[in-house]
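Protein chains in written order, with this note's numbering: chain A, 56 to 272; chain B, 56 to 272; chain C, 56 to 272; chain D, 56 to 272.
Since the structure comes first, as structure tokens, the remarks are kept for the end.
There are 4 protein chains.
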Amino acid sequence: MDHEHRPNATELSRETGRVEAFSDGVFAIALTLLILDIKVPRAFSIAVPHELTAALLKEWPSFFGYILSFVFILIGWINHHRLFTHILRVNGTFLLLNGFLLLTFTFQPFPTSLLAEYIGHPGERVAGIIYASVSLLIAIGYQLLWRYAAYNHRLLKRNVNKDMIKQISREFNRSFPIFVLAFILSFISVPASLGLLSLLMLFFAVTGFTAAETGVE
Amino acid sequence: MDHEHRPNATELSRETGRVEAFSDGVFAIALTLLILDIKVPRAFSIAVPHELTAALLKEWPSFFGYILSFVFILIGWINHHRLFTHILRVNGTFLLLNGFLLLTFTFQPFPTSLLAEYIGHPGERVAGIIYASVSLLIAIGYQLLWRYAAYNHRLLKRNVNKDMIKQISREFNRSFPIFVLAFILSFISVPASLGLLSLLMLFFAVTGFTAAETGVE
Amino acid sequence: MDHEHRPNATELSRETGRVEAFSDGVFAIALTLLILDIKVPRAFSIAVPHELTAALLKEWPSFFGYILSFVFILIGWINHHRLFTHILRVNGTFLLLNGFLLLTFTFQPFPTSLLAEYIGHPGERVAGIIYASVSLLIAIGYQLLWRYAAYNHRLLKRNVNKDMIKQISREFNRSFPIFVLAFILSFISVPASLGLLSLLMLFFAVTGFTAAETGVE
Amino acid sequence: MDHEHRPNATELSRETGRVEAFSDGVFAIALTLLILDIKVPRAFSIAVPHELTAALLKEWPSFFGYILSFVFILIGWINHHRLFTHILRVNGTFLLLNGFLLLTFTFQPFPTSLLAEYIGHPGERVAGIIYASVSLLIAIGYQLLWRYAAYNHRLLKRNVNKDMIKQISREFNRSFPIFVLAFILSFISVPASLGLLSLLMLFFAVTGFTAAETGVE
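See the structure below:
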């Protein structure tokens with residue numbers, strides 16, 4: 056396209072806004088679909104009230120998986136959103152990387168469901184490794200998306216200065232080794248791997264959210 | 056972040072708008088997913104027409120649960136939305152509290168489904184207590200979100216005056232004891248607990264909606 | 056609320072826009088969830104290729120129901136959207152009526168599924184009556200929503216003149232008796248009732264869409 | 056409607072934006088719902104860990120179908136979005152054609168699911184033909200939508216010049232014969248047909264995204 060049709064700032068912003076709104080939609084749906092994995096025990100199999108309590112307690116991996124993945128996706132959305140506040144424009148490669156990230160997030164209900172089914176069963180190790188792998192893929196997705204956008208100030212807004220770029224890079228880099236560690240741990244001990252990911256989510260939920268605050272104020 | 060990059064009113068409003076739009080999406084999806092819990096009786100089990108009528112009538116708890124939870128989520132959305140009309144900016148803690156609220160709403164299809172399965176069966180008491188508990192958690196979520204935002208005018212718009220704050224607080228405080236009562240009642244009589252929640256929703260649907268009108272005009 | 060805080064045109068428009076965006080989300084989700092009702096025949100039950108063809112052809116009521124309800128919801132969205140282009144502001148009663156309309160639309164997948172299961176089976180009559188009833192409820196919902204908003208120019212924009220109001224009322228009134236007729240017919244002949252509704256949707260898809268064109272140009 | 060009420064540019068843009076936002080929602084939901092087709096093997100059927108690995112590997116058609124359809128819908132969204140950046144206004148016929156496109160996209164989970172169930176089973180041919188047919192229908196949908204909008208500059212923005220129109224037409228025309236070929240191939244060899252569609256998606260993911268870049272910059 057020749058220079059006469061170079062889009063202005065409003066058009067770029069509208070374009071970027073669309074990609075963000077589409078991604079927001081995918082995050083919101085992935086978040087809400089998680090509940091479909093929690094199955095209600097059938098009434099005919101329950102003879103006395105406390106049997107239902109017992110049946111639900113036995114399903115604790117489903118509830119644990121639900122909350123872990125909910126927080127995971129919610130924090131994923133917040134990070135995605137923070138990243139986008141610094142983006143001026145999108146291009147083909149960025150869309151491709153963003154698509155990869157959305158693929159891993161929409162896939163998340165499957166390892167969650169697998170985990171809920173296999174904790175305490177023979178397939179636990181396999182399910183735990185898959186869960187940690189998908190988590191790691193998501194972390195890699197963020198690294199790629201951010202590094203591509205920030206490299207040489209490629210897609211960033213003008214008013215984003217070096218300190219802001221460094222701060223975000225530092226935050227992404229700080230958590231990345233933990234995803235790698237959780238992945239390695241999943242081969243040795245699934246509870247340890249999940250415990251580490253849970254702690255990381257808890258940490259994000261507190262300080263990550265606080266960072267979001269700093270980022271805005 | 057230093058003072059040179061303090062965001063202006065437009066940026067704050069855009070930020071707050073994104074959080075609201077994301078929450079709106081989650082509410083809309085949770086609302087629409089409720090229908091997946093109503094199961095169609097299989098054709099091969101029905102020999103004569105009126106057997107289908109009978110089978111559907113026997114499923115009345117599903118329909119009742121569907122309508123109750125639909126109204127619950129719809130009113131939840133309206134309240135969430137009203138609250139946000141007074142919010143100027145968001146911060147980390149607010150996002151955390153808002154996330155907790157979204158978690159309880161996306162979880163809502165599960166107790167609804169549990170209720171539909173167990174009304175009239177041995178597990179009714181357990182299902183009723185869980186439904187009332189989740190309802191109470193939602194009410195607590197609103198209290199926390201609003202109190203945090205309104206405390207010392209922390210996140211509110213400048214033009215929100217003390218009378219407006221008091222009015223909203225009064226409305227939230229007025230309904231809160233009823234959620235507590237419904238929770239206590241669920242240990243004694245599930246129909247009484249559900250009846251109370253249904254009445255509250257009916258009351259909201261009429262006066263709550265009217266209050267929404269007052270709030271806008 | 057006193058007169059000092061009477062919202063200005065921008066605030067009213069933002070408010071109305073939110074309600075419309077939320078409703079749009081519900082329509083889009085209801086539309087997309089319909090596909091979940093079409094079941095894939097299990098592979099182990101198919102020994103030779105043409106058995107799959109036969110199995111899929113036998114499922115024609117599912118495909119018919121899918122397309123009918125898809126067009127139904129899509130046209131519902133277009134009508135909802137056209138109605139909203141004339142709305143200046145919303146109030147409590149309008150939100151209540153809009154909520155009723157959304158309830159009927161999110162419920163739509165259930166009668167569709169029921170119809171797909173029972174066409175050609177003993178429960179056909181019952182399923183057909185329920186489908187026609189929900190369709191009629193939707194038509195009633197539009198009548199209420201529009202009449203309430205248009206009565207004495209209650210919630211309409213200033214530039215909406217009497218001719219425009221009359222035109223929309225005429226269109227809603229023109230199709231209403233057909234929904235009533237389809238409802239009555241469902242007690243006599245389900246194919247006739249569904250045929251009439253299909254014709255009406257076809258008519259809408261052609262002239263209704265054309266009217267939308269006129270409405271915009 | 057008489058000339059006094061001819062909508063201005065802002066109104067036309069708002070109108071077009073709504074149709075695009077609604078379509079975006081449908082794309083986002085269709086994308087996220089795909090995961091529901093991947094079934095978790097039941098825990099009781101797995102006695103030793105590697106049985107789960109084997110069970111998951113046996114499900115490769117589900118994962119292949121998931122990724123293929125995800126990329127298909129994502130690219131579909133990008134193309135839809137690019138097309139809309141040139142649209143000034145919508146009319147009834149355009150809404151009808153857009154509705155047809157959305158219908159084919161929301162239907163996509165069904166052939167994907169069918170394919171996952173029947174690859175390597177007697178029904179493979181039938182499933183493959185249906186998948187290629189729906190893909191072809193989508194390609195036809197884009198042709199119709201774009202040709203209708205671009206014919207005589209009917210619905211396009213003023214600043215869209217002949218070169219830009221030709222470029223988009225050329226891109227749509229370039230891929231169309233491949234969809235036809237994949238359709239024909241599906242009658243001869245399903246793997247060849249799917250391989251061709253996969254290559255096309257890969258090609259789009261790389262050059263199509265790059266074209267999107269060119270389109271914006």
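Each residue gets a CB set at the ideal place from its N, CA and C atoms; glycine is no exception.
Computed from a prediction, not measured in an experiment: that's the story for all the values here.
Closer than 9 Å to the CB of A/Pro96 there is at least one CB belonging to chain B. Per DSSP, reduced to three states, the secondary structure at D/Ile90 is helical.
With a threshold of 9 Å between beta carbons, A/Arg137 makes no contact with chain D. Shown here for A/Phe155: same chain residues with a beta carbon closer than 7 Å to its own, the five before and five after excluded, namely Gly196 in chain order. Residue-level contact check: D/Pro104 touches chain A, since one or more beta carbons of chain A fall below 9 Å from its beta carbon. According to the DSSP secondary-structure assignment, D/Ile142 is paired through a beta bridge with D/Leu211. Per DSSP, the unbroken alpha helix (DSSP H) holding A/Gln198 starts and ends at 179-205.
By the C-beta density criterion, C/Pro232 is exposed, having fewer than 16 other C-beta atoms within 10 angstroms.
Secondary structure note for D/Thr161: its alpha helix (DSSP H) is the uninterrupted segment 147-162. For the segment 225-238 of chain B, the set of residues with a beta-carbon nearer than 9 Å to any beta-carbon of chain A is empty. With contacts defined as CB atoms closer than 9 Å, C/Val245 and C/Ile193 fail to qualify as a contacting pair. DSSP, read as helix, strand or coil, puts A/Ala171 in helix. In this chain, the alpha helix (DSSP H) harbouring B/Ala247 covers 245-258. With its beta carbon less than 9 Å from one in chain A, D/Leu88 belongs to the interface. The C-alpha of B/Leu89 is placed about 10 Å away from the C-alpha of B/Thr161.
Within 10 angstroms of the beta-carbon of C/Ile84 lie 16 or more other beta-carbons, which makes it buried.
Counting the other CB atoms within 10 Å of its CB gives C/Ile130 a total of 16 or more, which places it among the buried residues. For C/Gly80, the chain D residues whose C-beta falls within less than 8 Å of its own C-beta are Gly80, listed in chain order. Contiguous beta strand (DSSP E) elements confined to the segment 215-247 of chain D do not occur, taking only those with 3 or more residues.
For B/Leu199, same chain residues with a beta-carbon under 7 Å away, outside a window of 5 residues either side, are Leu152 in chain order. Exclusion of the five residues before and after A/Ile223 leaves Arg137, Leu138, His141, Trp201, Ala205 as the residues of its chain whose Cβ lies within less than 8 Å of its Cβ. At a cut-off of 9 Å between beta-carbon atoms, D/Val189 makes no contact with chain C. Within chain D, not a single residue places a beta-carbon under 7 Å from that of C/Ile243; the smallest gap is close to 31 Å. Using a Cβ-Cβ cut-off of 9 Å, C/Phe125 is close to Gly154, Leu157, Leu158, Thr161, Phe162 of chain D, given in chain order. No Cβ of chain B is located within less than 9 Å of the beta carbon of A/Ile223.
The continuous alpha helix (DSSP H) containing C/Ala110 extends over residues 104-113. A check of alpha carbon separations from B/Ala187 across B/Arg225, B/Pro177, B/His208, B/Thr159 identifies B/Thr159 as the nearest. At least one C-beta of chain D is nearer than 9 Å to the C-beta of A/Arg73. C-alpha of D/Arg225 to C-alpha of D/Leu112: approximately 40 Å in a straight line.
Here DSSP, grouped into helix, strand and coil, assigns C/Pro96 to coil.
The beta-carbon separation of C/Asp92 and C/Ser117, rounded to 7 Å, stays under the 8 Å limit for a contact. At a cut-off of 9 Å, the C-beta of D/Ser68 has no neighbouring C-beta in chain C. For the segment 177-204 of chain C, the set of residues with a beta-carbon nearer than 9 Å to any beta-carbon of chain B comprises Pro177, Gly178, Glu179, Arg180, Val181, Ala182, Ile185, in chain order. Sequence-distant Cβ neighbours of C/Phe125 in its own chain, meaning closer than 7 Å and more than five residues away, are Leu86, Leu89. Shown here, B/Ile128 sits in a helix according to DSSP, grouped into three states.
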